[in-house]
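**Student:** Encoded as structure tokens, here's the structure I'll be asking about.
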Ligand code: NOJ
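Numbering (our numbering), first residue to last: 349 to 1088.
And the structure:
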């Protein structure tokens, strides 16, 4: 079937709009949550009676978190058969890192720097979700954040706008595919527009205060990249930005997104965020909030009942121009047409597909592949890793070692609890009888759930002794520690980034019994790991890797897969350093003291080194790589010319392996002070042992320019430095001049 042309869709949209009553139009702008899973504060029972009635009356345009072909068909049937116009619902869901078969959490995927794999992972998620009746995901979250106290860093791509933009594009393409009308693709959402990653002190839902240079150069680029990649919807954030709740930000939504960028899709509010403008102290009541939301450019209201209860009256009393309503409805209907919902409202409701696609072998293999690629080797002294496949007595210790639930990570509403492969189960395939397991301690004292606070075991160390004995009798200890999967995500801010509960104590005791410890970390954010980094010989960052966790970890620990992940976020030495990120400004008195200087007047802390524990872009391999011959083709270039850079990469170690070659620039002086380094290129390169290759980069004005205070993109003549290497501390350096 030929895809409908955009203009023919517009004609159809207009013909529907013409016959709609005002109430039906407002109905399209209303989204309700389903009746069982909740992802936000909800009335008991989900207000089911009212919702059913509104579905029948054409007062609902979308439902979220309804899932399964049977359930989706049931709600769709109500609107199609019982409402006057039968306009199909668009069905939204938080498909964040997989649907039922889970990929690693998004932050972990970002650590792969493997755009192809990330795109594939999103397409697997789309195919499973669409097989379950869903046609719209509230992902990708493209919020840049430099604050690991904020629990939602697990859901993003980390601290860097360049890497974040590339990943945003990969995810949008993965979810939406080449043809949105295909049965296995779904509409994506760029969220949360904008500034949510900068909530003050990392406290969830807090305000953000950022200047225009940070807004335009750090926060907005991944959103713009998603828009250019064709993302169908945007979601606004919960936060206020510089005094204005972004839900009501005319500047962000109307001026920038819709007018300047020309976004043609629609904007969904976050859960109840229109109504929350009253709580913020910005709207005087729900009607006022609805008025500000629609004027700013929010096209659909998620669960605040503000549009459905107030908009008709606001139009009838002349407070809101009906043209704004028409614009919003047009945008929503257009996406419904593009998905093919008007041709067949039940197209995602095929039980046969649901049975065959969800959890398929192929999907399991895809998430395993993604999981291996997401692992970051942080330390490997004495070549403790990879483990030997025979003849090593292995002890597996730690509260998370046999946990098949926590490994799934946060945000996985459709997956079955405890359906992951634990690290212990993954390792058993290799170790057979050479494996001894002792948990040592519990992490929690309550049952973990997505919506409740966790309670930690801070006192019970009664299992330590057995674990210490097992450690003593083994050649190598695999110690699995970290955060519970539900410890990061929405509503999960922390002020302390240490290992929670009694884990630090357990680690120290185990290390005292046997120094050959491999620390396998499970976590949804950067942690503070000084003691471990100073003592434990091998540390492997495995995040929360999803369904196939244990298999991925085992393959890496036993060397069947050589790790190549690189940190997408800086690991601090101390919470007090936060926000800490590689792309900082130099200051007038930079962090570069004279050796032995006893003078205080430079930018530093007197109680901790200023550098991070592990920098952005950092990650080891079982092999080693050498960089040489960094070369920029010419000394100077014209402003619009492409700058050609090359570097020689050699695999100098004992294994075949992959390396993420990273290129950073520094604009030495400019009208706006530029960061000391900015990532502007990377390549994932696979080399056999002993192999060398010349890697080439070209930099265009897109990479060399920046946004000024007014948000205008500019490229300045001047002197630039280039650094290429294995992480953001890359020392190989050259430079060039951009001429007028
Ligand atoms: C609130 C979250 O902020 C948002 O990301 C999510 O998509 C919605 N709830 C729906 O669950």
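Beta carbons are placed, not taken as given, at the ideal position from N, Cα and C, and that holds for glycine.
Per DSSP, what kind of secondary structure is residue 1000 in: helix, strand or coil?
**Tutor:** Translated into positions along the chain shown, residue 1000 becomes position 652. The answer is coil: DSSP assigns residue 1000 none of H, G, I, E or B.
**Student:** Taking 7 Å as the cut-off, is the beta-carbon of residue 348 closer than that to any non-hydrogen atom of ligand 1?
**Tutor:** With the chain running from 349 to 1088 in the structure shown, residue 348 is simply not present.
**Student:** How long is the line joining the alpha carbons of residue 365 and residue 663, rounded to whole angstroms?
**Tutor:** On the chain shown, position 17 is the one that residue 365 refers to. On the chain shown, position 315 is the one that residue 663 refers to. Approximately 16 Å between the Cα atoms of the pair.
**Student:** Determine whether the beta carbon atoms of residue 996 and residue 977 lie at a separation below 8 Å.
**Tutor:** Locating residue 996 in the chain shown gives position 648, where the first residue counts as 1. Locating residue 977 in the chain shown gives position 629, where the first residue counts as 1. Yes, the Cβ-Cβ distance between residue 996 and residue 977 is below 8 Å.
**Student:** Helix, strand or coil for residue 729? Go by DSSP, reduced to three states.
**Tutor:** The residue you call residue 729 lines up with position 381 of the chain shown. Residue 729 falls in the helix class under three-state DSSP.
**Student:** Return the residue from the list 360, 472, 529 and 563 that minimises the CA-CA distance to residue 1058.
**Tutor:** Against the chain shown, residue 1058 aligns to sequence position 710. Checking every option, the nearest Cα to that of residue 1058 belongs to 563.
**Student:** For residue 898, which residues from the same chain have a beta carbon less than 6 Å from its beta carbon, with the 5 sequence-adjacent residues on both sides left out?
**Tutor:** Translated into the one-based positions of the chain shown, residue 898 becomes position 550. These residues qualify, in order along the chain: 769, 770, 771, 773 and 774.
**Student:** When DSSP builds the beta bridges, which residues end up paired with residue 979?
**Tutor:** As a working note, residue 979 is residue 631 in the chain shown. DSSP, once it has assigned bridges, lists 994 as partnering residue 979.
**Student:** Specify the secondary structure class of residue 637 as computed by DSSP and reduced to three states.
**Tutor:** As a working mapping, residue 637 is identified with position 289 in the chain shown. Looking at residue 637 - three-state DSSP - the assignment turns out to be helix.
**Student:** For residue 820, which three-state DSSP category applies?
**Tutor:** The residue labelled residue 820 in the question sits at position 472 within the chain shown. Helix at residue 820.
**Student:** Pull up the DSSP beta-bridge partners for residue 1010, would you.
**Tutor:** For the purposes of this step, residue 1010 is taken as residue 662 along the chain shown, with counting starting at 1. Beta-bridge pairing links residue 1010 to 1030 and 1073.
**Student:** Whole alpha helix (DSSP H) runs in the region 409-437 with 4 or more residues, listed along the chain?
**Tutor:** Taking only runs of at least 4 residues, the alpha helix (DSSP H) segments lying wholly in the region 409-437 are 417-425.
**Student:** Relative to the alpha-carbon of residue 495, which residue among 622, 412 and 543 has its alpha-carbon at the smallest distance?
**Tutor:** Taking the chain shown and counting its residues from 1, one reaches residue 495 at position 147. Looking at the Cα atoms, 543 is the closest of the given residues.
**Student:** Output the boundary residues of the alpha helix (DSSP H) element that contains residue 687.
**Tutor:** For the purposes of this step, residue 687 is taken as the residue at position 339 of the chain shown. It spans 670-687 - the alpha helix (DSSP H) in which residue 687 sits, taken as one unbroken run.
**Student:** Under DSSP, the beta strand (DSSP E) around residue 581 begins and ends at which residues?
**Tutor:** As a first step, residue 581 must be located in the chain shown, where it is residue number 233. Per DSSP, residue 581 belongs to the beta strand (DSSP E) from 581-584.
**Student:** Cβ of residue 619 within 7 Å of any heavy atom in ligand 1?
**Tutor:** If you number the chain shown from 1, residue 619 lands on position 271. Checking every heavy atom of ligand 1 against the Cβ of residue 619, one is found closer than 7 Å.
**Student:** To which residues of the same chain is residue 958 closer than 6 Å at the C-beta, ignoring the five residues directly before and after it?
**Tutor:** Here residue 958 corresponds to residue number 610 of the chain shown, with the count starting at 1. Excluding sequence neighbours, residue 958 sits near 939 and 952.
**Student:** What are the start and end residues of the beta strand (DSSP E) that includes residue 1083?
**Tutor:** As a working note, residue 1083 is residue 735 in the chain shown. Per DSSP, residue 1083 belongs to the beta strand (DSSP E) from 1080-1087.
**Student:** Whole angstroms is fine: what's the gap from residue 577's alpha carbon to residue 680's?
**Tutor:** Position 229 of the chain shown, counted from the first residue, corresponds to residue 577. Position 332 of the chain shown, counted from the first residue, corresponds to residue 680. Going from the Cα of residue 577 to the Cα of residue 680 covers about 19 Å.
**Student:** For residue 581, does the count of other Cβ atoms within 10 angstroms reach 16, so buried, or fall short, so exposed?
**Tutor:** Position 233 of the chain shown holds residue 581. The residue in question, residue 581, is buried, as its Cβ has 16 or more Cβ neighbours within 10 Å.
**Student:** Secondary structure at residue 789, three-state DSSP: helix, strand or coil?
**Tutor:** Your numbering for residue 789 matches position 441 in the chain shown. Looking at residue 789 - three-state DSSP - the assignment turns out to be coil, as it is neither helix nor strand.
**Student:** Assess contact between the region 800-808 and the region 709-726, defined as three or more Cβ pairs (one per stretch) separated by less than 8 Å. Is contact present?
**Tutor:** Short answer: they don't touch.
**Student:** Using only the alpha-carbon positions, how far apart do residue 583 and residue 1053 sit?
**Tutor:** Here residue 583 refers to the residue found at position 235 when the chain shown is read from its first residue. Here residue 1053 refers to the residue found at position 705 when the chain shown is read from its first residue. Answer to the nearest angstrom: the Cα atoms are 28 Å apart.
**Student:** Taking contact to mean at least 3 C-beta pairs separated by less than 8 Å, is the region 702-720 in contact with the region 811-825?
**Tutor:** Verdict: no, contact absent.
**Student:** Take residue 836 and list the residues in its own chain whose beta-carbon comes closer than 6 Å to its own, dropping the five residues that flank it on each side.
**Tutor:** If you number the chain shown from 1, residue 836 lands on position 488. Contacts found: 499, 502, 758, 872 and 873.
**Student:** Ignore the nearest five residues each way along the sequence and tell me which others in residue 857's own chain have a CB closer than 7 Å to its CB.
**Tutor:** Working through the chain shown from its first residue, we reach residue 857 at position 509. Closer than 7 Å at the Cβ level, and outside the excluded window around residue 857, lie 812 and 816.
**Student:** I'd like the list of long-range same chain contacts for residue 921, defined as Cβ closer than 8 Å, with 5 residues on each side in sequence excluded.
**Tutor:** Taking the chain shown and counting its residues from 1, one reaches residue 921 at position 573. 876, 878, 956, 957, 959, 960 and 961, listed in sequence order.
**Student:** Of all the options 829, 905 and 705, which has the alpha carbon lying nearest to the alpha carbon of residue 778?
**Tutor:** The sequence position of residue 778 within the chain shown is 430, counting from 1. Among 829, 905 and 705, the Cα nearest to that of residue 778 belongs to 905.
**Student:** Under the criterion of a Cβ to heavy atom distance below 7 Å, does residue 539 qualify as lining ligand 1?
**Tutor:** Taking the first residue of the chain shown as position 1, residue 539 is located at position 191. Yes, the beta carbon of residue 539 sits closer than 7 Å to at least one heavy atom of ligand 1.
**Student:** Have a look at 561, 532 and 571 and flag the residue whose alpha-carbon is nearest the alpha-carbon of residue 512.
**Tutor:** Taking the chain shown and counting its residues from 1, the one referred to as residue 512 is at position 164. Ranking the options by Cα distance to residue 512, first place goes to 571.
**Student:** Verify the contact flag: residue 491, CB atom, against every heavy atom of ligand 1, threshold strictly below 7 Å.
**Tutor:** Within the chain shown, numbered from 1, the residue matching residue 491 stands at position 143. No, Cβ of residue 491 sits at least 7 Å from all heavy atoms of ligand 1.
**Student:** State whether the region 648-668 contacts the region 617-627, with contact taken as three or more CB pairs (one from each stretch) at a distance under 8 Å.
**Tutor:** The region 648-668 is in contact with the region 617-627.
**Student:** How do the region 455-468 and the region 410-429 stand: do at least 3 beta-carbon pairs fall below 8 Å, yes or no?
**Tutor:** As far as the Cβ criterion goes, the region 455-468 does not touch the region 410-429, which means the pair count is below three.
**Student:** Where do the ends of the beta strand (DSSP E) carrying residue 381 lie?
**Tutor:** Numbered from 1 along the chain shown, position 33 holds the residue referred to as residue 381. Looking at the DSSP string, the run of the beta strand (DSSP E) that includes residue 381 is 378-381.
**Student:** Which two residues bound the contiguous alpha helix (DSSP H) that contains residue 886?
**Tutor:** For the purposes of this step, residue 886 is taken as the residue at position 538 of the chain shown. Premise fails: residue 886 lies in the beta strand (DSSP E), 886-889, not in any alpha helix (DSSP H).
**Student:** Identify every residue that forms a DSSP beta bridge with residue 539.
**Tutor:** As a position in the chain shown, residue 539 is number 191, starting the count at 1. DSSP lists 489 and 583 as partners of residue 539.
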